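Trainee: Following this message is one structure expressed as structure tokens.
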Amino acid sequence: MFGALAMLLFLIGCSTQIEDVHKETDVVAVGNDVLYDCQGEKIHAIFDEKNGESFLELTFLDRGTDLKPIVFVGSEMENGSKYTSGNITFLVQKDKAVLAVEESGKSIKCTLLNTEVIVGEVGDDIPKEDCYVWFDGCNTCKKDANGKLQCTTQHCAPEIIQSERCLDADIRAECKRAGRIWEDGLHECMEDSSDMTETEER
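First residue of the sequence shown? That's 1269 in the working numbering, and the numbers climb one at a time after it.
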């Protein structure tokens, strides 16, 4: 009798513990500007309010800079919104401001990597006057024909930030690669018949 009662209490305790763990891994609070790792998938999440309406913006950092962020606006979050990517589904709820992640019907855990995501910025000018193209450790910047600074806008986690440097020498080196035509975003290079390269500034 005593053994059966002890076993029952043990099972109740286990079920409560499992339920608590499930709650912890089922829902992740979204900060204003944070980075998560959801089972190897790095996600930049911004939860904010604009013009009186809440919105959540998700950027998948491991899928290239060409992929546009997924944005959920307040009206979608109010009723619950889903975004499916492969076998992962992201659930958003406005009232709780949460990001719940499920994979193949099972909840997976998201880990908060940091409380602030670094976005490369160089201000209004390139730091070095004699540099045409500048890499700030995250993004690349150059001036257009009107002298206005143009920069890429990718998000970089702290662990992948590199050292700042001028890319002029790197670009010239790129144009010395023979055997193909390519464009590096600043120049278009091509191989001529004498195995020399011609560079046309764009």
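The beta-carbon is built from N, C-alpha and C at its ideal position, and this holds for glycine as well. This one's a predicted model, so the numbers in the text were calculated from it and none came from an experiment.
For residue 1326, report the span of its beta strand (DSSP E) as first-last.
Mentor: For the purposes of this step, residue 1326 is identified with residue 58 of the sequence shown, where counting begins at 1. 1321 to 1328 is the extent of the beta strand (DSSP E) around residue 1326.
Trainee: Closest to residue 1305 by CA distance: which of 1319, 1326, 1352 and 1397 is it?
Mentor: For the purposes of this step, residue 1305 is taken as residue 37 along the sequence shown, with counting starting at 1. Of the candidates 1319, 1326, 1352 and 1397, the one whose C-alpha sits nearest the C-alpha of residue 1305 is 1326.
Trainee: Within its chain, find whatever has a CB closer than 7 Å to the CB of residue 1399; leave out the 5 residues flanking it on each side and keep chain order.
Mentor: As a working mapping, residue 1399 is identified with position 131 in the sequence shown. Around residue 1399: 1434 and 1436.
Trainee: For residue 1292 and residue 1314, I'd like the C-alpha separation in whole angstroms.
Mentor: Residue 1292 sits at position 24 when you count from the first residue of the sequence shown. Residue 1314 sits at position 46 when you count from the first residue of the sequence shown. In this prediction, residue 1292 scores a pLDDT of 35, lower than 50, which makes its location untrustworthy; the coordinate-derived value is nonetheless stated afterwards. Cα to Cα, the separation comes out at about 21 Å.
Trainee: Taking the alpha carbon of residue 1402 as the reference point, which residue from 1430, 1328 and 1379 has its own alpha carbon closest?
Mentor: On the sequence shown, position 134 is the one that residue 1402 refers to. Here the closest residue by C-alpha is 1430.
Trainee: Within a Cβ cutoff of 7 Å, which residues of the same chain sit near residue 1410, ignoring the five residues on either side of it in sequence?
Mentor: Here residue 1410 refers to the residue found at position 142 when the sequence shown is read from its first residue. 1400, 1401, 1418 and 1454, listed in sequence order.
Trainee: Pull up the distance between the alpha-carbon of residue 1319 and that of residue 1311, whole angstroms please.
Mentor: Along the sequence shown, one-based indexing puts residue 1319 at 51. Along the sequence shown, one-based indexing puts residue 1311 at 43. Spanning the two alpha carbons is a distance of roughly 25 Å.
Trainee: Please state the DSSP three-state secondary structure of residue 1316.
Mentor: Taking the first residue of the sequence shown as 1, we reach residue 1316 at position 48. Note: residue 1316 maps to strand in three-state DSSP.
Trainee: Name, in chain order, the residues that DSSP records as bridge partners for residue 1375.
Mentor: Along the sequence shown, read from residue 1 onward, the residue named residue 1375 stands at position 107. Residue 1375 pairs with 1370.
Trainee: Any idea what DSSP makes of residue 1436, helix, strand or coil?
Mentor: Residue 1436 sits at position 168 when you count from the first residue of the sequence shown. Helix at residue 1436.
Trainee: With which residues is residue 1338 paired in a DSSP beta bridge?
Mentor: Position 70 of the sequence shown, counted from the start, is the residue given in the question as residue 1338. Residue 1338 pairs with 1326.
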